[in-house]
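Residue numbers (UniProt numbering): 1 to 992.
Where a beta carbon is used, it is the ideal one built from N, C-alpha and C, also for glycine.
Just so we're clear, the structure is a prediction, and the values are computed from it rather than from any experiment.
One structure is given here, and the rest of the page talks about it.
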């Protein structure tokens, strides 16, 4: 599939400056020094807020004229014209004087305000002005003398009808109670009124003098259109030039001609709710140019190449229509043209898109938030009833050639074939395929139809087209990994590769675009974006992009990661996530105010494998303080810097069996382990006092923070100063532990207890999100090597000791039960974080603030228990016989395949003990191979009586199951003449 990327609200994009598909860049424009000159194409009006410094009402909503045009260089313009208000005239009695004007205005204004009821537009003054003007009435002859009229100027166009009604049916102003009002020019729409008053003719040139207009910057919130230049000006400050002399030229309007083809049913006119669109042919030209800017065709499914044209093939109709709408917005045409596009092509496309529920298809105009909709007008004459359709394309003009032909030619038939024969002397060539069959025939047949689409879109262009059908594709002599990947993902029709599709498939393996290992590839990709169409990459360009990371990318697509079927694994994780989300048990930590105020509904799960495969679900981007989850990390850093011997001179390795902040030491007068508060405080003292003692507290914190960042693969970490201050204020128990240990000479010499405590609180107040903590877990699972940066941060021996203590002491007073039920190293924190490490597989971060009475996340603990029920991650799961659990480290069908092989081989060889072992391990004894042959089939065919008896009597397998060829075990026994087995199976049948 070949497609471009939407350019957003403006097509003035420098990276496309050499692509004729896009408009030229605007260059530098200075409203104070430069005049803006453009040819007016279309105008409308809308209700908007007053623009400061412009005439007209300054409160409520005001009418704004919106004019679209094109400059001489081909740049699109959207001009907002302020200060023009609607008005109409009424007749006045000769006695009505200037003195009565103010009273009449006030009374009419009061009546209109009362009539408007809710006044949703928040307008305080509806009647802006009433003037007496003199003139002659053209309605009826009233002599040659001028008569007086009142020119009534109102706030909004809708107020004209209300004013007419009130003046006709009520007494608005008592002195005019007996006056009969006649209304003049009250049915003129505001756009026509504006054009008349400003002498604007169709497609005349408009000039905005220097210093009189204001440009809306591209990134301004007031930008509302896709035009390259969007400006504001007063209606009294612009100049409209009469189309004479130098002003008689025509701008380089962009003209988009198109034609669609539907898969209609024979004899039935296409219906958008039934018949799909299968082709859309497009020709884009600039007015006055001979050369065609774009000639392409959008096709459903494959289509053979068409000479001088780009073929864009799509797998689904939805994708084709969505990309055609993107193409329209990229081309940014000034004029749509085609044959019968108003009554068929456009309505059909929009109705079809609505039926397919395409959200953004109908944004076909130039205003960002306005959809193109179908409006029907029904006319009734003696000939019959007719329905005409119109569609809004703000900023664009739909020029239907059928209307032109009907105006200029009187023909018996206005079908395209008849018109072409009458005017051009030619018809469409015969295509030997119906449109209904085009979705199932070969690409060459679609080519024939596509050729006709181009002829339909440009019948006036009599050039002969040469169409080349070349299906030979380049074959590579070198079977490099890049070439294999390119062949795997390239479009078979165009021979090019879509980088978007490639990256999507790569992310499905678990590798994210932000992965540091892809940094060089992504940098090259960003550079290439400025030079190439990212939907049509050649082999050479693709090689240059992926070569720096080809090792990682190749492993990903060969499924050589620790979790080969990562998408299936993620689905299982997602199921467990939603199952645990309903757990509303527990309460958030109360002793730290910042933690107490956190939303208890937060629940996030992040996974990072030792190969860098990542998956996240839930509230994974919300930062939280790590609290006690920092303890295994600071312990690991201390082991790395000081060695296990030095560290364990000061802190033990045994579970305490007591509360995590209990005022107690072990029999050696040391903290029991580094996972409780006393042990973590002492580890902080070791890092502060022994490791690089010359460092200040600030330097030591930065040094430790850098370790955390390296463990997280360079991810950003924060520091929550409010939590730090709160922890320090509520630190009585921790200070008591500190002084208790100081009393028993637990600290190394020269320990500054206050700095030690501050350093401990700082480490607990480090802030990160679930994604970041899962990477740290993966680093521990990978023996201290970060899977993303591939840096060896901690020694494997240090990691081994860390995981050992996490397994035995990491879950507070629940550590023993957790080790028994889950069997994985883990560490919980009072912020609701739970760091789980599956050695040699992955790290998982679970974050949910509500805690159980022991201080562990309720949802986190439940998730871990569900995880080991589903997967054989428990350290003591029987990896050979635990067939009721899944091993995600194996390919999807590897486990089941090995089970089937073991079962069938045991049956075929008469291995009853083997069958018994498989039965006891919980295996399904009815498993069959791809031909549907079960263990009973093979045992019966091979004549193993004991196996058949075991399968029937002990395993209760069905005896009448049939394989692919319809054979039952009994028929297999009869076929091979095993009378004992025949008798067993028949007896079994009679018993049943």
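Quiz item: Thinking just about the alpha-carbon of each residue, which of 910, 46 and 841 is nearest to the one in residue 367?
Solution: 46
Quiz item: Just the Cα atoms here: how many angstroms apart are residue 25 and residue 825?
Solution: 59 Å
Self-check item: Neighbour-count burial assignment, residue 387, 16 or more Cβ in a 10 Å radius
Solution: exposed
Quiz item: Which class does residue 675 belong to by DSSP, given the choice of helix, strand or coil?
Solution: coil
Quiz item: On the three-state DSSP scale, how would you describe residue 269?
Solution: coil
Exercise. Going by CA-CA distance only, name the one from 930, 931, 906 and 929 that's closest to residue 919.
Key: 906
Quiz item: Would you call residue 964 buried or exposed, if buried means 16 or more other Cβ atoms sit within 10 Å of its Cβ?
Solution: exposed
Quiz item: The alpha helix (DSSP H) with residue 845 in it runs from where to where?
Solution: From DSSP, residue 845 is part of no alpha helix (DSSP H) but of the beta strand (DSSP E) over 842-847.
Practice problem: Kindly give me the distance between the Cβ atoms of residue 178 and residue 92, rounded to whole angstroms, as I take these residues to be in contact under 8 Å. | Solution: Between residue 92 and residue 178 the Cβ distance is about 13 Å, and since that is not below 8 Å, they are no contact.
Exercise. Check the C-beta distance from residue 566 over to residue 504 and give it rounded, since I have them as a contact under 8 Å.
Key: Wrong, their Cβ atoms sit about 14 Å apart, outside the cutoff.
Self-check item: residue 645 in three-state terms, based on DSSP
Solution: helix
Exercise. Determine the closest residue to residue 89 out of 71, 78 and 130, with distance taken between C-alpha atoms.
Key: 130
Quiz item: Hey, quick one: how far does the beta strand (DSSP E) through residue 148 stretch, first residue to last?
Solution: 147-154
Self-check item: Spatially closest choice to residue 224 from 369, 247 and 115, by CA coordinates
Solution: 369
Quiz item: Tell me, which residues are paired with residue 492 by DSSP?
Solution: Answer is none; residue 492 lacks a bridge partner.
Self-check item: Spatial distance of residue 416 from residue 326 (CA atoms)
Solution: 28 Å
Quiz item: How far does the beta strand (DSSP E) with residue 129 in it reach, from first residue to last?
Solution: 127-135
Quiz item: Nearest-angstrom Cα distance between residue 408 and residue 40?
Solution: 26 Å
Exercise. With residue 353 as the anchor, note down where its alpha helix (DSSP H) starts and where it stops.
Key: 346-355
Quiz item: What number of angstroms, rounded off, separates the C-alpha of residue 511 from the C-alpha of residue 614?
Solution: 6 Å
Quiz item: Are the region 304-314 and the region 491-500 in contact at 8 Å, needing three or more beta carbon pairs?
Solution: yes
Quiz item: Does the separation of the CB atoms of residue 673 and residue 805 fall below 7 Å?
Solution: yes
Quiz item: Cβ of residue 846 less than 7 Å from any chain B Cβ?
Solution: Of the chains in the structure shown, none is chain B; there is only one protein chain.
Quiz prompt | Helix, strand or coil at residue 205 according to DSSP, with G and I counted as helix | solution = strand
Quiz prompt | Other residues of its chain near residue 538: CB distance less than 7 Å, five sequence neighbours each side excluded | solution = 496
Quiz prompt | Length of the line joining the Cα atoms of residue 363 and residue 621 | solution = 33 Å
Quiz item: Between residue 640 and the rest of its own chain, which residues show a CB-CB distance below 7 Å, the 5 nearest in sequence each way excluded?
Solution: 794, 795 and 798
Practice problem: Identify, in the order they occur along the chain, each residue of the same chain with its Cβ nearer than 6 Å to the Cβ of residue 525, setting aside the five sequence neighbours on each side. | Solution: 545
Quiz item: How do the region 769-777 and the region 683-692 stand: do at least 3 beta-carbon pairs fall below 8 Å, yes or no?
Solution: no
Quiz item: Excluding the five sequence neighbours on either side, which residues of its own chain have a C-beta within less than 6 Å of the C-beta of residue 859, listed in chain order?
Solution: 580, 583, 603 and 848
Practice problem: Please state if the CB of residue 78 and the CB of residue 230 are separated by a distance shorter than 7 Å. | Solution: yes
Self-check item: Buried or exposed by the 16-neighbour rule on C-beta atoms within 10 Å, applied to residue 16
Solution: At residue 16, the pLDDT of 41 sits below 50, so the modelled position is not reliable; the number obtained from the coordinates is stated separately. So residue 16 counts as buried.
Self-check item: Neighbourhood of residue 402 by C-beta, 6 Å cutoff - its chain only, sequence neighbours within 5 removed
Solution: 339 and 340
Exercise. Could you give the DSSP three-state label for residue 430: helix, strand or coil?
Key: Residue placement at residue 430 is poorly supported in this model, since its pLDDT is 45, which falls under 50; the coordinates are not used for a value here.
Practice problem: State the DSSP-derived secondary structure class of residue 753, mapped to helix, strand or coil. | Solution: helix
Quiz item: Starting from residue 63 and walking both ways along the beta strand (DSSP E), at which residues does that stretch end?
Solution: 62-70
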